[in-house]
Amino acid sequence: FEESLAQRLRMLMPADREEILSLLWMKRAVESLSAIHTDIKTLITGLELPVSDWDEKWIDVYLDNSVKLLDICIAFSSELSRLNQGHLFLQCALHNLDCASSKQFVRACSSLDGWRHHIGSKNPRMENCFSILDNLIKTLNLPKIKNSSKGKVLMRAMYGVKVVTVFVCNVFAAAFSGSAEKLLDLQVEETRLWADAFAGLQGFVNGEIRSIYSSGKATVLKELEAVDANVKKLYPIVQEGVGEEAEAYKNSVSDLGKRAEKLSQGLDLLAKEVDGFFQIVLSGRDALLCNL
5 FEESLAQRLR MLMPADREEI LSLLWMKRAV ESLSAIHTDI KTLITGLELP VSDWDEKWID
65 VYLDNSVKLL DICIAFSSEL SRLNQGHLFL QCALHNLDCA SSKQFVRACS SLDGWRHHIG
125 SKNPRMENCF SILDNLIKTL NLPKIKNSSK GKVLMRAMYG VKVVTVFVCN VFAAAFSGSA
185 EKLLDLQVEE TRLWADAFAG LQGFVNGEIR SIYSSGKATV LKELEAVDAN VKKLYPIVQE
245 GVGEEAEAYK NSVSDLGKRA EKLSQGLDLL AKEVDGFFQI VLSGRDALLC NL
(Lines of atoms letter the chains of each structure in order from A and count residues from 1; the text may use other names and numbers.)
(Lines give C-alpha, C1' and ligand atoms only; values in the text may rest on other atoms or scores of the structure.)
Protein backbone atom coordinates (compact mmCIF):
# COMPACT_ATOMS: atom_id res chain seq x y z
CA PHE A 1 0.00 0.00 0.00
CA GLU A 2 2.76 2.47 0.98
CA GLU A 3 4.80 1.71 -2.16
CA SER A 4 1.69 2.35 -4.25
CA LEU A 5 1.08 5.61 -2.38
CA ALA A 6 4.67 6.72 -3.01
CA GLN A 7 4.30 5.97 -6.72
CA ARG A 8 1.07 7.94 -6.95
CA LEU A 9 2.78 10.93 -5.30
CA ARG A 10 5.73 10.72 -7.71
CA MET A 11 3.34 10.64 -10.67
CA LEU A 12 1.66 13.78 -9.31
CA MET A 13 4.93 15.76 -9.30
CA PRO A 14 4.52 18.52 -11.92
CA ALA A 15 6.91 18.39 -14.86
CA ASP A 16 7.57 22.12 -14.51
CA ARG A 17 6.25 25.26 -12.84
CA GLU A 18 3.73 25.92 -15.59
CA GLU A 19 1.95 22.66 -14.79
CA ILE A 20 1.34 23.53 -11.12
CA LEU A 21 -2.24 24.60 -10.50
CA SER A 22 -3.28 24.09 -14.07
CA LEU A 23 -6.78 22.61 -14.11
CA LEU A 24 -5.34 19.47 -15.72
CA TRP A 25 -2.92 19.00 -12.80
CA MET A 26 -5.72 19.64 -10.30
CA LYS A 27 -7.83 17.02 -12.08
CA ARG A 28 -4.94 14.55 -11.78
CA ALA A 29 -4.62 15.38 -8.08
CA VAL A 30 -8.28 14.50 -7.44
CA GLU A 31 -7.89 11.34 -9.55
CA SER A 32 -4.99 10.35 -7.28
CA LEU A 33 -7.10 10.98 -4.19
CA SER A 34 -9.90 8.83 -5.60
CA ALA A 35 -7.41 6.03 -6.35
CA ILE A 36 -5.84 6.25 -2.87
CA HIS A 37 -9.24 6.10 -1.16
CA THR A 38 -10.14 3.11 -3.36
CA ASP A 39 -6.82 1.48 -2.37
CA ILE A 40 -7.61 1.82 1.33
CA LYS A 41 -11.00 0.14 0.81
CA THR A 42 -9.22 -2.72 -0.96
CA LEU A 43 -6.74 -2.97 1.92
CA ILE A 44 -9.52 -3.07 4.51
CA THR A 45 -11.17 -5.89 2.59
CA GLY A 46 -7.87 -7.76 2.29
CA LEU A 47 -7.13 -7.46 6.01
CA GLU A 48 -10.46 -9.12 6.83
CA LEU A 49 -10.54 -7.13 10.03
CA PRO A 50 -13.97 -7.66 11.61
CA VAL A 51 -15.74 -4.41 12.31
CA SER A 52 -16.44 -5.73 15.80
CA ASP A 53 -12.67 -5.61 16.43
CA TRP A 54 -12.38 -1.98 15.40
CA ASP A 55 -11.79 0.54 18.12
CA GLU A 56 -15.02 2.45 18.75
CA LYS A 57 -13.15 5.75 18.94
CA TRP A 58 -11.56 5.07 15.52
CA ILE A 59 -15.00 4.50 14.00
CA ASP A 60 -16.23 7.80 15.47
CA VAL A 61 -13.19 9.65 14.11
CA TYR A 62 -13.57 8.04 10.67
CA LEU A 63 -17.26 8.91 10.39
CA ASP A 64 -16.63 12.47 11.60
CA ASN A 65 -13.70 12.95 9.19
CA SER A 66 -15.66 11.58 6.24
CA VAL A 67 -18.44 14.13 6.86
CA LYS A 68 -15.82 16.91 6.95
CA LEU A 69 -14.36 15.64 3.67
CA LEU A 70 -17.80 15.62 2.05
CA ASP A 71 -18.28 19.23 3.21
CA ILE A 72 -14.96 20.20 1.59
CA CYS A 73 -16.03 18.52 -1.68
CA ILE A 74 -19.29 20.48 -1.63
CA ALA A 75 -17.37 23.73 -1.07
CA PHE A 76 -15.00 22.97 -3.96
CA SER A 77 -17.92 22.10 -6.24
CA SER A 78 -19.56 25.39 -5.26
CA GLU A 79 -16.42 27.36 -6.15
CA LEU A 80 -15.92 25.57 -9.48
CA SER A 81 -19.53 26.29 -10.38
CA ARG A 82 -19.11 29.95 -9.38
CA LEU A 83 -15.98 30.31 -11.51
CA ASN A 84 -17.70 28.69 -14.47
CA GLN A 85 -20.65 31.09 -14.19
CA GLY A 86 -18.18 33.81 -15.20
CA HIS A 87 -18.07 32.18 -18.64
CA LEU A 88 -21.46 33.81 -19.36
CA PHE A 89 -19.89 37.28 -19.03
CA LEU A 90 -17.12 36.29 -21.44
CA GLN A 91 -19.60 34.88 -23.97
CA CYS A 92 -21.59 38.13 -23.88
CA ALA A 93 -18.41 40.16 -24.30
CA LEU A 94 -17.23 38.05 -27.25
CA HIS A 95 -20.66 38.32 -28.89
CA ASN A 96 -20.54 42.11 -28.69
CA LEU A 97 -16.91 42.30 -29.78
CA ASP A 98 -17.85 40.66 -33.07
CA CYS A 99 -19.54 43.91 -34.09
CA ALA A 100 -17.16 46.86 -34.29
CA SER A 101 -19.70 49.50 -33.23
CA SER A 102 -19.35 51.88 -30.31
CA LYS A 103 -22.68 50.72 -28.85
CA GLN A 104 -21.57 47.07 -28.88
CA PHE A 105 -18.19 48.06 -27.43
CA VAL A 106 -19.92 49.69 -24.45
CA ARG A 107 -21.81 46.46 -23.83
CA ALA A 108 -18.60 44.45 -24.21
CA CYS A 109 -16.84 46.64 -21.64
CA SER A 110 -19.75 46.13 -19.26
CA SER A 111 -19.49 42.35 -19.68
CA LEU A 112 -15.72 42.37 -19.13
CA ASP A 113 -16.22 44.51 -16.01
CA GLY A 114 -18.83 42.02 -14.84
CA TRP A 115 -16.44 39.12 -15.37
CA ARG A 116 -13.60 40.75 -13.44
CA HIS A 117 -15.92 41.66 -10.58
CA HIS A 118 -17.40 38.15 -10.50
CA ILE A 119 -14.01 36.41 -10.54
CA GLY A 120 -12.59 38.82 -7.97
CA SER A 121 -15.35 38.19 -5.43
CA LYS A 122 -14.84 35.76 -2.56
CA ASN A 123 -16.67 32.54 -1.80
CA PRO A 124 -17.33 32.38 1.99
CA ARG A 125 -17.32 28.57 1.80
CA MET A 126 -13.57 28.66 1.13
CA GLU A 127 -12.88 30.21 4.52
CA ASN A 128 -14.86 27.40 6.13
CA CYS A 129 -12.62 24.86 4.35
CA PHE A 130 -9.58 26.01 6.30
CA SER A 131 -11.29 25.52 9.67
CA ILE A 132 -12.42 22.04 8.56
CA LEU A 133 -8.84 21.20 7.51
CA ASP A 134 -7.53 22.43 10.88
CA ASN A 135 -9.85 19.94 12.58
CA LEU A 136 -8.75 17.11 10.26
CA ILE A 137 -5.09 17.79 11.07
CA LYS A 138 -5.80 17.32 14.77
CA THR A 139 -6.92 13.74 14.07
CA LEU A 140 -3.99 12.71 11.84
CA ASN A 141 -2.39 10.58 14.56
CA LEU A 142 -5.57 9.51 16.33
CA PRO A 143 -6.46 7.05 17.63
CA LYS A 144 -3.78 4.42 18.33
CA ILE A 145 -4.37 0.67 17.96
CA LYS A 146 -2.59 -1.31 20.69
CA ASN A 147 -3.49 -4.99 20.54
CA SER A 148 -4.05 -5.79 16.89
CA SER A 149 -1.36 -6.29 14.23
CA LYS A 150 -3.98 -5.87 11.48
CA GLY A 151 -5.27 -2.78 13.23
CA LYS A 152 -1.76 -1.28 13.24
CA VAL A 153 -1.42 -1.93 9.50
CA LEU A 154 -4.76 -0.21 8.92
CA MET A 155 -3.82 2.80 11.08
CA ARG A 156 -0.48 3.18 9.28
CA ALA A 157 -2.24 3.13 5.91
CA MET A 158 -5.03 5.46 7.05
CA TYR A 159 -2.42 7.96 8.24
CA GLY A 160 -1.01 8.14 4.71
CA VAL A 161 -4.46 8.57 3.20
CA LYS A 162 -5.30 11.39 5.60
CA VAL A 163 -1.99 13.26 5.10
CA VAL A 164 -2.24 13.23 1.29
CA THR A 165 -5.94 14.13 1.41
CA VAL A 166 -5.30 17.11 3.70
CA PHE A 167 -2.39 18.25 1.51
CA VAL A 168 -4.38 18.20 -1.75
CA CYS A 169 -7.45 19.82 -0.17
CA ASN A 170 -5.28 22.52 1.42
CA VAL A 171 -3.62 23.30 -1.93
CA PHE A 172 -7.04 23.59 -3.57
CA ALA A 173 -8.38 25.80 -0.77
CA ALA A 174 -5.35 28.11 -1.04
CA ALA A 175 -5.77 28.27 -4.83
CA PHE A 176 -9.48 29.10 -4.63
CA SER A 177 -9.13 31.58 -1.73
CA GLY A 178 -6.55 33.73 -3.51
CA SER A 179 -4.07 33.61 -0.62
CA ALA A 180 -1.15 31.46 0.53
CA GLU A 181 -1.56 32.65 4.12
CA LYS A 182 -3.10 29.36 5.32
CA LEU A 183 -1.05 27.03 3.16
CA LEU A 184 0.22 24.17 5.35
CA ASP A 185 3.57 22.38 5.44
CA LEU A 186 2.87 18.94 6.89
CA GLN A 187 5.69 17.03 8.57
CA VAL A 188 5.87 13.27 7.94
CA GLU A 189 8.08 10.70 9.71
CA GLU A 190 10.97 9.57 7.50
CA THR A 191 10.14 5.91 8.27
CA ARG A 192 7.14 6.09 5.94
CA LEU A 193 7.96 4.61 2.52
CA TRP A 194 6.18 7.54 0.84
CA ALA A 195 7.77 10.28 3.00
CA ASP A 196 10.40 11.43 0.45
CA ALA A 197 7.92 11.51 -2.44
CA PHE A 198 5.47 13.50 -0.32
CA ALA A 199 8.08 15.98 0.94
CA GLY A 200 9.30 16.62 -2.62
CA LEU A 201 5.79 17.16 -3.98
CA GLN A 202 4.65 19.36 -1.08
CA GLY A 203 7.80 21.50 -1.15
CA PHE A 204 7.61 22.08 -4.92
CA VAL A 205 3.88 22.84 -5.08
CA ASN A 206 3.65 24.96 -1.91
CA GLY A 207 6.81 26.87 -2.82
CA GLU A 208 5.47 27.78 -6.24
CA ILE A 209 2.07 28.84 -4.86
CA ARG A 210 3.76 31.15 -2.33
CA SER A 211 5.98 32.57 -5.07
CA ILE A 212 3.02 33.32 -7.36
CA TYR A 213 1.01 35.06 -4.64
CA SER A 214 4.02 37.04 -3.38
CA SER A 215 4.47 38.40 -6.92
CA GLY A 216 1.09 40.12 -6.55
CA LYS A 217 -1.01 37.88 -8.79
CA ALA A 218 -4.63 37.46 -7.74
CA THR A 219 -4.86 33.81 -8.73
CA VAL A 220 -2.60 30.77 -9.10
CA LEU A 221 -5.04 28.99 -11.42
CA LYS A 222 -3.18 28.96 -14.75
CA GLU A 223 -6.17 28.99 -17.11
CA LEU A 224 -7.91 31.70 -15.08
CA GLU A 225 -4.76 33.82 -15.09
CA ALA A 226 -4.48 33.41 -18.87
CA VAL A 227 -8.03 34.71 -19.41
CA ASP A 228 -7.51 37.57 -16.95
CA ALA A 229 -4.30 38.65 -18.72
CA ASN A 230 -6.14 38.64 -22.03
CA VAL A 231 -9.04 40.70 -20.62
CA LYS A 232 -6.58 43.28 -19.23
CA LYS A 233 -4.91 43.57 -22.63
CA LEU A 234 -8.17 43.82 -24.58
CA TYR A 235 -10.07 46.17 -22.25
CA PRO A 236 -8.17 49.45 -23.02
CA ILE A 237 -8.31 48.75 -26.77
CA VAL A 238 -12.09 48.41 -26.60
CA GLN A 239 -12.44 51.48 -24.38
CA GLU A 240 -10.34 53.78 -26.56
CA GLY A 241 -11.50 52.45 -29.92
CA VAL A 242 -9.76 50.01 -32.19
CA GLY A 243 -8.25 52.58 -34.58
CA GLU A 244 -4.82 51.54 -35.83
CA GLU A 245 -4.74 48.51 -33.54
CA ALA A 246 -7.20 46.52 -35.63
CA GLU A 247 -4.87 43.54 -36.05
CA ALA A 248 -3.94 43.43 -32.34
CA TYR A 249 -7.62 43.74 -31.46
CA LYS A 250 -8.60 40.90 -33.77
CA ASN A 251 -5.89 38.63 -32.33
CA SER A 252 -6.87 39.49 -28.75
CA VAL A 253 -10.52 38.69 -29.37
CA SER A 254 -9.55 35.37 -30.95
CA ASP A 255 -7.20 34.53 -28.06
CA LEU A 256 -9.87 35.41 -25.49
CA GLY A 257 -12.35 33.06 -27.15
CA LYS A 258 -9.86 30.16 -27.09
CA ARG A 259 -8.71 30.79 -23.52
CA ALA A 260 -12.25 31.24 -22.21
CA GLU A 261 -13.28 27.93 -23.77
CA LYS A 262 -10.23 26.15 -22.35
CA LEU A 263 -11.02 27.55 -18.87
CA SER A 264 -14.66 26.49 -19.04
CA GLN A 265 -13.84 22.97 -20.24
CA GLY A 266 -11.17 22.58 -17.57
CA LEU A 267 -13.53 23.67 -14.81
CA ASP A 268 -16.18 21.21 -16.06
CA LEU A 269 -13.75 18.27 -16.07
CA LEU A 270 -12.40 19.14 -12.62
CA ALA A 271 -15.93 19.50 -11.23
CA LYS A 272 -16.80 16.00 -12.51
CA GLU A 273 -13.66 14.59 -10.85
CA VAL A 274 -14.52 16.26 -7.52
CA ASP A 275 -18.03 14.80 -7.74
CA GLY A 276 -16.53 11.36 -8.39
CA PHE A 277 -14.31 11.69 -5.31
CA PHE A 278 -17.35 12.77 -3.28
CA GLN A 279 -19.11 9.54 -4.33
CA ILE A 280 -16.10 7.40 -3.35
CA VAL A 281 -15.95 8.96 0.13
CA LEU A 282 -19.71 8.53 0.48
CA SER A 283 -19.65 4.87 -0.61
CA GLY A 284 -16.82 4.09 1.83
CA ARG A 285 -18.78 5.66 4.64
CA ASP A 286 -21.94 3.75 3.64
CA ALA A 287 -20.03 0.46 3.54
CA LEU A 288 -18.80 0.94 7.11
CA LEU A 289 -22.26 1.92 8.34
CA CYS A 290 -23.75 -1.18 6.67
CA ASN A 291 -21.18 -3.41 8.42
CA LEU A 292 -21.96 -1.77 11.74
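Counting along the sequence shown from 1, when you hit position 286 you're at 290 in the working numbering, and nothing is skipped either side.
Using N, Cα and C, we set each Cβ at its ideal position, and we do this for glycine too.
Just so you know, these numbers come straight off a predicted model, no measurement behind them.
Quick one: grab the DSSP three-state call for residue i.
i: G220; result: coil
i: S70; result: helix
i: T195; result: coil
i: L190; result: coil
i: C294; result: helix
i: F202; result: helix
i: W29; result: helix
i: A184; result: coil
i: A19; result: coil
i: E52; result: coil
i: I24; result: coil
i: W58; result: coil
i: D232; result: helix
i: C96; result: helix
i: C77; result: helix
i: D102; result: coil
Return the CA-CA distance between residue i and residue j, expressed in angstroms with no decimal places.
i: E6; j: S287; result: 23 Å
i: P128; j: L273; result: 23 Å
i: D189; j: G207; result: 8 Å
i: V278; j: N132; result: 18 Å
i: A222; j: V231; result: 12 Å
i: L84; j: I78; result: 10 Å
i: T373; j: D43; result: A query on residue 373 cannot be resolved here, the shown segment of the chain reaching from 5 to 296 and no further.
i: M162; j: L92; result: 42 Å
i: E265; j: W119; result: 14 Å
i: N69; j: I63; result: 10 Å
i: A199; j: R160; result: 13 Å
i: G280; j: P54; result: 28 Å
i: K254; j: E229; result: 20 Å
i: E22; j: E60; result: 46 Å
i: E227; j: A275; result: 15 Å
If distances are taken between C-alpha atoms only, which option among the options comes closest to residue i?
i: I76; options: F109, S135, D43; result: S135
i: E52; options: L197, S81, V157; result: V157
i: V168; options: A201, D64, L94, S153; result: A201
i: H99; options: S258, L197, L267, S181; result: S258
i: M130; options: C173, A203, N145; result: C173
i: G13; options: E185, S219, E35, I63; result: Before going on, a small fix: residue 13 reads as Leu here, not Gly. Out of E185, S219, E35, I63, E35 has the C-alpha closest to the C-alpha of L13.
i: S183; options: I213, F282, A161; result: I213
i: Y217; options: G280, T46, F180; result: F180
i: L87; options: E194, A178, H122; result: H122
i: S106; options: K236, G245, L238, M15; result: G245
Between residue i and residue j, which are expected to be in contact by the criterion C-beta below 8 Å, what is the C-beta distance as a whole number of angstroms?
i: L140; j: V175; result: About 14 Å; that fails the 8 Å criterion.
i: S125; j: A97; result: With a Cβ gap of about 18 Å, S125 and A97 do not count as contacting.
i: S197; j: A10; result: A small fix is needed here, since residue 197 is Leu in this sequence, not Ser. About 6 Å separates the two Cβ atoms, so the contact holds.
Let me check you understand the geometry: is the CB of residue i closer than 6 Å to at least one non-hydrogen atom of the ligand MN?
i: I136; result: As for the ligand MN, it is missing from this structure, which has no ligand bound.
Practice task
Mind listing, in chain order, the continuous alpha helix (DSSP H) runs of no fewer than 4 residues lying wholly within the segment 107-180?
Solution key: Runs of the alpha helix (DSSP H) spanning 4 or more residues and lying entirely within the segment 107-180 occur at 128-142, in chain order.
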